[in-house]
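Student: Quick note, the sequences are listed as chains A and B, same order.
For the first sequence, my numbering begins at 79 and goes up steadily by one.
For the second sequence, my numbering begins at 79 and goes up steadily by one.
Protein chains: 2
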Amino acid sequence: MEHFFKKHLMTHFNGFIAPVSDGVRVIERVTTRPRTDAECDAILTQGCLEMSNEELHFPEGRAPRMRSSVSRMAAASGMEWLKSVKGVILDMCGVLYDSGEGGGQAIPGSIEAVKRLMDSGLTVRFCTNETQSTREQFVQKLRVMGFDISVSHVFSPAPALVRILRERRLRPHLLVHDGLMAEFEGVDTSSPNCVVIGDAADKFSYQNLNEAFRVLIGQEKPLLFSLGRGRYYKETDGLKLDVGVFMTALEYAGDVQAEVVGKPAADFFGTVLKDMSLQPHEVVMIGDDLVNDVGGAQSCGMKGIQVRTGKYRPSDEQHASVRADAYMDDLAAAAHAILTSSPTTER
Amino acid sequence: MEHFFKKHLMTHFNGFIAPVSDGVRVIERVTTRPRTDAECDAILTQGCLEMSNEELHFPEGRAPRMRSSVSRMAAASGMEWLKSVKGVILDMCGVLYDSGEGGGQAIPGSIEAVKRLMDSGLTVRFCTNETQSTREQFVQKLRVMGFDISVSHVFSPAPALVRILRERRLRPHLLVHDGLMAEFEGVDTSSPNCVVIGDAADKFSYQNLNEAFRVLIGQEKPLLFSLGRGRYYKETDGLKLDVGVFMTALEYAGDVQAEVVGKPAADFFGTVLKDMSLQPHEVVMIGDDLVNDVGGAQSCGMKGIQVRTGKYRPSDEQHASVRADAYMDDLAAAAHAILTSSPTTER
């Protein structure tokens, strides 16, 4: 059924579709026909149309309508959905802290914001594509900055990938940061039959990329895993290229499509949701990466807030295909909005 | 008119279209309807259908036919077109020589083959995407190997790009091989407003890529020039990643589409054809790169021969969208085929 809706809506709206629990969410991108006033209002105030599955059975050419009076209110305020939030997934780099020399530094207000969210009764998890160190070392770094975070609440790509490698009996050639190598302890890397890349930073040398490419092209069916697909991230001394850039490079070189482990992969978000024991529509993801944090979460049926810290750029707010459910100045502002809206929370 | 044919044929054939002097050349990729026996024969023997502009006015659903008895003969032999060859463009690396330590080494038979082609009365030009040294140094290297080549007959991307930079008053940030820097002498590189990448090899470090990315993303309209778009090339010690891989990486990072200078850009081939004073259909390109040499030349209306040396891989002969007019074991074999077919040549 979902496929039918998707195809039907794409034909008529050419928009961005995100499934939600009781329908689909349509973020308009290109106008392919005149719209009704009501539709225009909804798009202007909310950036999207929401429709239940039932209402999607409209005949060809008939205009979709808003779902209910609640939706109309939501469209008017734009933030009504905050009331149903029971859980929060936090991106880390660019939201909690800016990375950089000496491990980076906390973003003002974020230590307190994390504490408020965790104390509120909301279920809070952390979801990072950080692959420069093991999860333990990474959490330790954040504790030193002042964040009170438990390792078991942090989800990162390397442990997820190690499970996949074991399940599929794969032997990786690893092009990852030295700090991450400990995650692969005990993984057989002899006679590699696939390539794994993470945010290897300075290890992304011409020589190492050539070596990974040769392993890849030497396989009958080249298999490339990428720990995330980010374009770039911000360190205290400037923007740095992220793993997605080198994933794209090797994809082009080897004529292969990488399997992404980490955000925005639906499997990865699914593991976090399962651990939270919550439904997607009860959870909001807060990140600085519009496509991988916000868009990825929305594709899974969650809400997504983009914060204007880290790698955020003003042009993100006019992105061609992804529109956040809200844009907030920083994590402190996002936490405040959630905590003053959600009935779950203790205020 | 050409646009109409292209659209019309794409609808019905979903194939690869290359304009030729008196029609278009259709290389079938995907079958979207049953074909007539005659069509199947033509595709099996020649890998393509040839139709004159007149015949392209067929009504919807009508099967295209072969153009004339000459075309039928061509379809039967598959090599009849060799008779009309008046000029030859030779790719260099992987056709004349394999690059590698100490400058590389000539491919057996190629020194003699070049000499035979040049002595035959055919117009011969050399077209390389080599950007690790200036044209003068590059030709000198080939002379040491034993090739008798004049600098004025060699076309490479850097001089073409320098013309573009001057015409458009651009100030490049250069990420190119040290050996190429002399080509940019006198070019203003202060306060760069565009990025130029060539085959920088070991200079493709994480740090240098970050630096190029920051220049790119700092522009209101990011502008990236790439000297070629090759995936990889073969050196004596193995395959090496080519500039196209890093072009793709920066395109992804900066959300920009590069302007390619060099093969397979039509402008670049056009300059060579003009220098030869020949029409595209009179010229054959010989290369080891199916997409950039053969496909690029075919897109300009030339014929293309892929040699099974250099970066050639057997899977090239089953490529999804590009099919060479002929596959030959090496340059010696290609030269022999041309010289024993073309009436222009002195045998």
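Just so you know, even glycine gets a beta-carbon here, dropped at the ideal spot from N, CA and C.
On a predicted model such as this, the values are computed, not experimentally measured, just so you know.
Based on DSSP bridge pairs, tell me the residues matched to M363/A.
Tutor: Locating residue 363/A in the first sequence gives position 285, counting from the first residue. Answer is I167/A and G382/A, bridged to M363/A.
Student: What's the C-alpha gap between D226/B and S198/B?
Tutor: On the second sequence, position 148 is the one that residue 226/B refers to. On the second sequence, position 120 is the one that residue 198/B refers to. In a straight line, the C-alpha of D226/B is about 15 Å away from that of S198/B.
Student: Report the partner residues of P300/A according to the DSSP bridge assignment.
Tutor: One-based indexing of the first sequence puts residue 300/A at position 222. In the DSSP output, where bridge partners are listed per residue, P300/A has none listed.
Student: Give the single residue among L302/B, V339/B, F346/B and G316/B whose Cα lies nearest to the Cα of L328/B.
Tutor: Counted from its first residue, the second sequence places residue 328/B at position 250. Here the closest residue by C-alpha is L302/B.
Student: Only counting runs of 3 or more residues, tell me where the beta strand (DSSP E) segments fall wholly within the stretch 205–274 of chain A, in order along the chain.
Tutor: Complete beta strand (DSSP E) runs here, min 3: 250–253.
Student: Along the chain, where does the alpha helix (DSSP H) that runs through E190/A open and close?
Tutor: Residue numbering aside, residue 190/A sits at position 112 when the first sequence is read from its first letter. Taken as a continuous stretch (DSSP letters only), the alpha helix (DSSP H) holding E190/A covers S188 to D197.
Student: List the residues of chain A whose Cβ lies closer than 7 Å to the Cβ of R244/B, in chain order.
Tutor: On the second sequence, position 166 is the one that residue 244/B refers to. Within chain A, no residue comes near R244/B; the closest Cβ sits about 30 Å away, beyond 7 Å.
Student: Suppose you measure from the CA of A412/A to the CA of L351/A; what does that come to, to the nearest Å?
Tutor: Translated into the one-based positions of the first sequence, residue 412/A becomes position 334. Translated into the one-based positions of the first sequence, residue 351/A becomes position 273. Looking at the two C-alpha atoms, the distance is approximately 20 Å.
Student: Can you tell me where the beta strand (DSSP E) with G316/B in it begins and where it stops?
Tutor: Counting from one through the second sequence, the residue named residue 316/B turns up at place 238. Note, G316/B: beta strand (DSSP E), G316 to L319.
Student: Taking a cut of 8 Å between CB atoms, which residues from the stretch 152–180 of chain B lie near chain A?
Tutor: Against chain A - using a Cβ distance shorter than 8 Å - the stretch 152–180 of chain B contributes no residues.
Student: Smallest Cα separation from Q335/B: which of V273/B, L200/B and M380/B?
Tutor: Counting from one through the second sequence, the residue named residue 335/B turns up at place 257. The shortest Cα separation from Q335/B among V273/B, L200/B and M380/B belongs to V273/B.
Student: Measure the alpha-carbon distance for G181/B versus V400/A and round it to whole angstroms.
Tutor: Locating residue 181/B in the second sequence gives position 103, where the first residue counts as 1. Locating residue 400/A in the first sequence gives position 322, where the first residue counts as 1. So the two alpha carbons sit approximately 49 Å from each other.
Student: What separation, rounded to the nearest whole angstrom, lies between the Cα atoms of L34/A and A279/B?
Tutor: There is simply no residue 34/A to check, as chain A begins at 79 and stops at 425 in what is shown.
Student: Can you give me the start and stop residues for the beta strand (DSSP E) that A404/A sits inside?
Tutor: Counting from one through the first sequence, the residue named residue 404/A turns up at place 326. Counting along the chain, the beta strand (DSSP E) containing A404/A begins and ends at A404 to M406.
Student: Classify G348/A: buried if its beta carbon has 16 or more other beta carbons within 10 angstroms, exposed otherwise.
Tutor: Position 270 of the first sequence, counting from 1, holds the residue named residue 348/A. G348/A is exposed by the Cβ-count criterion.
Student: Just to check my reading of the structure: F262/B and L252/B have Cβ atoms closer than 8 Å, yes? What is that Cβ distance to the nearest angstrom?
Tutor: Taking the first residue of the second sequence as 1, we reach residue 262/B at position 184. Taking the first residue of the second sequence as 1, we reach residue 252/B at position 174. 6 Å between Cβ atoms; contact.
Student: For R401/A, does the three-state DSSP call read helix, strand or coil?
Tutor: Walking along the first sequence from the start, residue 401/A turns up at place 323. Of the three classes helix, strand and coil, the one that applies to R401/A here is coil, per DSSP.
Student: Out of G165/A, S393/A and P250/A, which one is the CA nearest neighbour of V293/A?
Tutor: Counting from 1 along the first sequence, the entry for residue 293/A is found at position 215. Of the candidates G165/A, S393/A and P250/A, the one whose C-alpha sits nearest the C-alpha of V293/A is P250/A.
Student: Please list, in chain order, the chain A residues whose beta carbon lies closer than 7 Å to that of K299/B.
Tutor: The count along the second sequence starts at 1 and reaches residue 299/B at position 221. Correct list: empty, because the minimum Cβ distance to chain A is about 12 Å.
Student: Check whether the Cβ atoms of V321/A and L305/A sit closer than 8 Å, and answer yes or no.
Tutor: Here residue 321/A is taken as the residue at index 243 of the first sequence, counted from 1. Here residue 305/A is taken as the residue at index 227 of the first sequence, counted from 1. Contact: yes.
Student: Check the Cβ-Cβ distances between K389/B and every residue of chain A, and say whether any is below 8 Å.
Tutor: Locating residue 389/B in the second sequence gives position 311, where the first residue counts as 1. By this cut-off, K389/B is not an interface position.
Student: Does the distance from the C-beta atom of D408/B to that of I185/B stay below 8 Å?
Tutor: Numbered from its first residue, the second sequence carries residue 408/B at position 330. Numbered from its first residue, the second sequence carries residue 185/B at position 107. Yes, the Cβ-Cβ distance between D408/B and I185/B is below 8 Å.
Student: Quick one: does V372/A have its CB under 8 Å from some CB of chain B?
Tutor: Translated into positions along the first sequence, residue 372/A becomes position 294. It does not: the Cβ of V372/A has no partner Cβ on chain B nearer than 8 Å.
Student: How many angstroms separate the CA atom of T201/B from the CA atom of S268/B?
Tutor: As a working mapping, residue 201/B is identified with position 123 in the second sequence. As a working mapping, residue 268/B is identified with position 190 in the second sequence. Taking the straight line from one Cα to the other gives about 41 Å.
Student: In this structure, how does DSSP classify D285/B when only helix, strand and coil are distinguished?
Tutor: Here residue 285/B refers to the residue found at position 207 of the second sequence. Rather than Asp, the amino acid found at residue 285/B in this sequence is Gln. Q285/B: helix per DSSP, three-state reduction.
Student: If I measure Cβ to Cβ from A260/A and keep anything under 7 Å in the same chain, skipping five residues before and after, which residues do I get?
Tutor: Along the first sequence, one-based indexing puts residue 260/A at 182. The answer, listed in chain order, is T212.
Student: DSSP on F324/A, reduced to helix/strand/coil?
Tutor: As a working mapping, residue 324/A is identified with position 246 in the first sequence. Three-state result, F324/A: helix.
Student: Alpha carbon to alpha carbon, what distance is there between D345/A and D176/B?
Tutor: Position 98 of the second sequence, counted from the start, is the residue given in the question as residue 176/B. Position 267 of the first sequence, counted from the start, is the residue given in the question as residue 345/A. Near 45 Å, if we compare the C-alpha coordinates of D345/A and D176/B.
Student: In chain order, what residues of the same chain have a beta carbon less than 7 Å from the beta carbon of Y405/B, not counting five sequence neighbours either side?
Tutor: The residue labelled residue 405/B in the question sits at position 327 within the second sequence. Around Y405/B: Q384, R386 and E395.
Student: Here's a check: name, in chain order, each residue in its chain whose Cβ is nearer than 7 Å to the Cβ of Q297/A, leaving out the five neighbours to either side.
Tutor: In the first sequence, residue 297/A corresponds to position 219, counting from 1. Result list for Q297/A: N271, in chain order.
Student: So, does the CB of S283/A fall closer than 8 Å to a CB anywhere in chain E?
Tutor: Checking the listed chains, one finds no chain E in this structure; the protein chains it contains are A and B.
Student: Can you tell me whether DSSP reads Y390/B as helix, strand or coil?
Tutor: Residue 390/B sits at position 312 when you count from the first residue of the second sequence. DSSP places Y390/B in coil when its eight states are reduced to three.
Student: Can you tell me the Cα-Cα spacing of T418/A and S228/A, whole angstroms?
Tutor: Taking the first sequence and counting its residues from 1, the one referred to as residue 418/A is at position 340. Taking the first sequence and counting its residues from 1, the one referred to as residue 228/A is at position 150. Their backbone Cα atoms lie some 25 Å apart in a straight line.
Student: Kindly list the residues whose CB is nearer than 7 Å to the CB of E42/B, restricted to its own chain and excluding five residues on each side of it in sequence; keep chain order.
Tutor: Given that chain B is displayed from residue 79 to residue 425, the structure contains no residue 42/B and the question cannot be resolved.
Student: Using only CA atoms, which one of I295/B, L258/B and P358/B lies nearest to R309/A?
Tutor: Here residue 309/A refers to the residue found at position 231 when the first sequence is read from its first residue. Out of I295/B, L258/B and P358/B, I295/B has the C-alpha closest to the C-alpha of R309/A.
Student: Verify the CB distance criterion: does D280/B have a CB-CB separation below 8 Å to chain A?
Tutor: The residue you call residue 280/B lines up with position 202 of the second sequence. Interface residue, yes.
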